[in-house]
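Working notes for the structure below.
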Ligand code: CA
């Protein structure tokens, strides 16, 4: 909420400032397939769940900085961050993408991903994420082998994902959580119109801040992101 009680669409102090960042820095650099997928997602009923384009730009930077080749994505939705990852990692790179809903991805994201010729980098698993991660962990070779993970799913299981991802990631690897500030409502959960989601974010943010296995940076880009680097 802003001081006048209006629900904010962005975290920054004005929508104009958000637009400024989008128009100046994000949209001019957004690859054409990503623009197409963003525009195809806007009209979808759950468009609010999509990764914000400014947050996507930060993800692209982080992927390059850790030289990511092997990544995990939990929560695909239409596939904006998945396509972004596929376009950013090298030709031999691989993404394990997990979502309980294959249909939204296949209808909206996949045709654009195919057109961009990056489908071969993606292994889509239609499943709840906890059993899918447990299955990955059963193979010894997967442990400590991933460079990067992006979590943008149901939020209620974030800690279950975290424990498993820290085993799958290399030391130095990153896990990034999306929607950590829930439109700013983490400071006023009683006023949130998504109260459960807000409470889960508050709990998860606190747990991450207390986790000695990671270095963190909590950034107010998009809807808030927690960047965590495995240090031990
Ligand atoms: Ca999200």
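In the working numbering, the protein residues as written are 60 to 291. Where a beta carbon is used, it is the ideal one built from N, C-alpha and C, also for glycine. Note that the coordinates shown come from a computational prediction; the quantities given were computed from them, not determined experimentally.
- Contact check for residue 278 against residue 291 fails: the beta carbons are separated by 8 Å or more.
- Short note on residue 237: C-beta closer than 7 Å to some heavy atom of ligand 1.
- Around the C-beta of residue 173, fewer than 16 other C-beta atoms lie within 10 Å, and the residue is accordingly described as exposed.
- Residue 212 and residue 188 do touch by the CB rule: their CB atoms are close to 6 Å apart, below 8 Å.
- The beta carbon of residue 228 sits closer than 6 Å to those of 205, 289, all from its chain and outside the five residues before and after it, given in chain order.
- Rounded to whole angstroms, residue 144 and residue 194 show a C-alpha spacing of 22 Å.
- Residue 163 carries a helical assignment under DSSP once its states are collapsed to helix, strand and coil.
- Burial is judged here by how many other beta carbons sit within 10 angstroms of a residue's own beta carbon; residue 219 has fewer than 16 and is exposed.
- The beta carbon of residue 257 sits no closer than 7 Å to any heavy atom of ligand 1.
- Between the alpha carbons of residue 246 and residue 263 lies a gap of roughly 14 Å.
- Its chain contains 77 as the residues whose beta carbon lies nearer than 7 Å to that of residue 69, once the 5 sequence neighbours on both sides are disregarded; these appear in chain order.
- In this structure, residue 211 has its CB closer than 7 Å to one or more heavy atoms of ligand 1.
- The criterion of a C-beta distance shorter than 8 Å is not satisfied by residue 148 and residue 224.
- Taking the Cα of residue 125 as reference, the smallest distance to any Cα among 242, 248, 230 is reached at 230.
- By the beta-carbon neighbour count (other beta carbons within 10 angstroms, threshold 16), residue 257 is buried.
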